[in-house]
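Since the structure comes first, as structure tokens, the remarks are kept for the end.
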Amino acid sequence: MDKLRIDKWLWAARFYKTRSLAVQEINKGRIVVNGQTAKPAREVATGDTVVVRKEDPAIIITVKGISNIRGPAPKARELYEETAESIAAREKAAEMRRLAPEPSIDLRMGRPTKRDRRDLSRFRGK
């Protein structure tokens with residue numbers, strides 16, 4: 001088998017849990033094949049470049065194999081190869097997330113206590 005619909009291939013390669021989820025993402029324009037926005041019936045072949053915008057940054061892969069059967073994850077991983085640029089971009093994004101400060105670190109949850117109100121009154125000049 002040398003060509004297969006992109007929705008079936010994404011499902012077989014385990015990018016999406018169901019074909020209907022793959023079709024929804026394709027219809028949202030999140031899948032690009034060889035530089036063109038894909039439609040669900042678009043066929044992919046070995047050697048095609050596919051961009052999957054499932055998360056940030058996008059995953060850029062090269063199709064290495066075609067299968068219309070959803071097999072185990074190690075077999076599905078053999079259907080594609082992620083490009084070096086994509087791997088580097090994802091590692092950099094993971095590092096940036098790791099180094100970023102916790103967004104809620106300065107927020108206090110709940111109502112201020114009597115002590116909090118007393119401490120604040122000193123700063124307000126009361």
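Its first residue numbered 1, the sequence shown is counted upward by one per residue in the UniProt record's numbering.
Ideal Cβ positions, reconstructed from N, Cα and C, are used throughout, including at glycine.
Alpha-carbon spacing of residue i relative to residue j, whole angstroms
i: residue 68; j: residue 49; result: 18 Å
i: residue 27; j: residue 40; result: 7 Å
i: residue 3; j: residue 64; result: 12 Å
i: residue 98; j: residue 74; result: 28 Å
i: residue 6; j: residue 82; result: 17 Å
i: residue 8; j: residue 101; result: 40 Å
i: residue 31; j: residue 96; result: 25 Å
i: residue 137; j: residue 35; result: Coverage of the chain is limited to positions 1 through 126, which leaves residue 137 absent and any answer about it impossible.
i: residue 91; j: residue 62; result: 18 Å
i: residue 16; j: residue 66; result: 16 Å
i: residue 21; j: residue 54; result: 11 Å
i: residue 23; j: residue 44; result: 15 Å
Among the options, the one whose alpha carbon lies nearest that of residue i
i: residue 79; options: 42, 34 and 47; result: 47
i: residue 72; options: 11, 36, 89 and 21; result: 11
i: residue 86; options: 93, 60 and 100; result: 60
i: residue 89; options: 45, 44 and 56; result: 56
Cβ-based burial, residue i [other Cβ within 10 Å; buried from 16]
i: residue 25; result: buried
i: residue 94; result: exposed
i: residue 84; result: exposed
Counterpart residues of residue i in DSSP-defined beta bridges
i: residue 5; result: 43
i: residue 33; result: 36 and 50
i: residue 83; result: In DSSP, residue 83 forms no bridge with anything.
i: residue 63; result: 80
Contact under 7 Å by Cβ, residue i with residue j
i: residue 42; j: residue 33; result: yes
i: residue 14; j: residue 76; result: yes
i: residue 18; j: residue 29; result: no
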